[in-house]
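Asker: A single structure is presented below for examination.
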């Protein structure tokens, strides 16, 4: 007896298995905040380490619209259009928030979020208290020296003092007391709110610096239940902690795979691929992941230009690259000497009447909702929230922030 009807059935079954085994990858893209202002601490301005985006950083923010697309345009051919966006919440009173309440990580993704009509989830970050963890007390001094300088001279006194007060109030464990500190397992899916950590590895082993990047990774992987593509704007030194946690890898193993992210590099994109793991979460796929994609915003080193902006002829590609980026400080700020003279004049934002400490050099045109800061002393000490911290559970969007500020300690 002929069983010719089995052929289409077997084909249908095979096709079904094929669709299961070749499920579409889900992707998380990670970018670093853009270039920052290099403030003059002697004039009472925030130093580079805590600053908002500079004009160049904002230009990078707008360029991301051409990289990841808008609701009316496609993403670049080698990328996917994000369906959700996260940014890093610095969760402390020193770091600059602009007039809309945005940190520099939010500023970076603000333009593309607006173009895609997506909110930005700023409820996650790396500071332990953001997710209920505690500091290992040994890490506090290292983090303080990093943020305000070893003797507090890296920031204006009023900001340095507020930062010290905040850090002192942050919950911590004492490693000198037996069993007081619980070591964190930083892989996603292993979160323990009672654990402690060394923020950014200060005062301990570098591998113990995951902190709330782990909780952020859990939230992002959970979001993959709803969307296929996520864009993340993150703090530079915490990107590999976040990536390791997302991949459920030890920090050193992930670092060996992704490589160190140079402090002068603002153009890199991490592309991490994931598939369902069959247990309610997602499995990292090294195959397909890429840790050296570029935004292509910087002047390309391999471009065949021969003249620097000042008219000098050269065939030194590295020299041309740096010349077109502008002389830069540690934070990527463009040196004042490189600003074209015809760019010094501009107009104030509508409704603004405060004069920048840099005079008309810092007056720029721009839309009302986002743009470079008018005054480099931000956060201004006349703000209602000066010396306070913002609601750690607030989810800021790319419109005016509705975050609430609180006295110390954070409730």
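Numbering (the numbering used here), first residue to last: 1341 to 1751.
By construction, the Cβ of each residue, glycine as well, lies at the ideal position given by its N, Cα and C atoms.
#1: Excluding the 5 residues flanking residue 1371 on each side, which residues of the same chain have their C-beta closer than 6 Å to its C-beta?
#2: Which residues mark the beginning and the end of the beta strand (DSSP E) in which residue 1460 is found?
#3: Under the assumption that residue 1515 contacts residue 1478 (Cβ atoms under 8 Å), give the Cβ distance between them as a whole number of angstroms.
#4: In the structure shown, what three-state DSSP assignment does residue 1511 receive?
#5: Which value, in whole angstroms, describes the spacing of the CA atoms of residue 1364 and residue 1509?
#6: To which residues of the same chain is residue 1495 closer than 8 Å at the C-beta, ignoring the five residues directly before and after it?
#7: Kindly indicate which residue of 1430, 1531 and 1588 has the alpha-carbon position closest to the one of residue 1555.
#8: Tell me the residue span of the alpha helix (DSSP H) that contains residue 1488.
#9: Taking just the CA atoms, how far does residue 1506 sit from residue 1436?
#10: Give me, in chain order, the residues of the same chain whose beta-carbon lies closer than 7 Å to that of residue 1408; leave out the 5 immediate sequence neighbours on both sides.
#11: From which residue to which residue does the beta strand (DSSP E) around residue 1629 run?
#12: In three-state DSSP terms, what is residue 1376?
#13: May I have the straight-line CA-CA distance separating residue 1566 from residue 1560, to the nearest angstrom?
#14: Leaving aside the five residues before and after residue 1499 along the sequence, list all residues of the same chain whose C-beta is less than 7 Å from its C-beta, in chain order.
#15: Okay, do the region 1521 to 1530 and the region 1578 to 1595 touch, 3+ Cβ pairs below 8 Å being the bar?
#16: Between the Cα of residue 1394 and those of 1444, 1404, 1367 and 1543, spot the shortest distance and give me the residue it belongs to.
#17: Under the assumption that residue 1465 contacts residue 1429 (Cβ atoms under 8 Å), give the Cβ distance between them as a whole number of angstroms.
#18: Just to confirm before moving on: does the CB-CB distance between residue 1634 and residue 1577 stay below 8 Å?
#19: Do residue 1472 and residue 1533 have their CB atoms nearer than 8 Å?
#20: According to DSSP, is residue 1475 helix, strand or coil?
#21: Residue 1425 and residue 1458: beta carbons closer than 8 Å?
#22: Using the C-alpha atoms, what's the distance from residue 1548 back to residue 1542?
#23: Determine the DSSP secondary structure at residue 1653, reduced to helix, strand or coil.
#24: Within its chain, find whatever has a CB closer than 7 Å to the CB of residue 1583; leave out the 5 residues flanking it on each side and keep chain order.
#25: Quick one: Cα of residue 1461 to Cα of residue 1468, how far?
#26: Should residue 1441 go down as buried or exposed, given a rule of 16 or more other Cβ atoms within 10 Å for buried?
#27: What residue does the alpha helix (DSSP H) around residue 1427 start on, and which one ends it?
Answerer: Based on what the coordinates show:
#1: Within the same chain, residue 1371 has close Cβ partners 1573 and 1609.
#2: DSSP places residue 1460 in the uninterrupted beta strand (DSSP E) bounded by 1460 to 1465.
#3: The pair is a contact, with the Cβ atoms about 6 Å apart (cut-off 8 Å).
#4: If DSSP states are grouped into helix, strand and coil, residue 1511 belongs with coil.
#5: 46 Å
#6: 1381, 1386, 1387, 1389, 1390, 1434, 1487, 1488, 1489 and 1503
#7: 1531
#8: Looking at the DSSP string, the run of the alpha helix (DSSP H) that includes residue 1488 is 1478 to 1488.
#9: 15 Å
#10: If we look at residue 1408 and ignore the five residues flanking it on each side, its Cβ neighbours are 1415, 1419, 1421, 1422, 1452 and 1571.
#11: 1622 to 1634
#12: Here residue 1376 carries a strand assignment [DSSP, helix/strand/coil].
#13: 10 Å
#14: 1386 and 1434
#15: yes
#16: 1444
#17: 4 Å
#18: A distance of 8 Å or more separates the beta carbons of residue 1634 and residue 1577.
#19: yes
#20: strand
#21: yes
#22: One C-alpha to the other measures close to 9 Å.
#23: Strand, per DSSP.
#24: 1370, 1594, 1598, 1610 and 1612
#25: CA-to-CA, the gap between residue 1461 and residue 1468 works out to about 18 Å.
#26: buried
#27: Counting along the chain, residue 1427 sits inside no alpha helix (DSSP H); it lies in the beta strand (DSSP E) bounded by residues 1424 to 1429.
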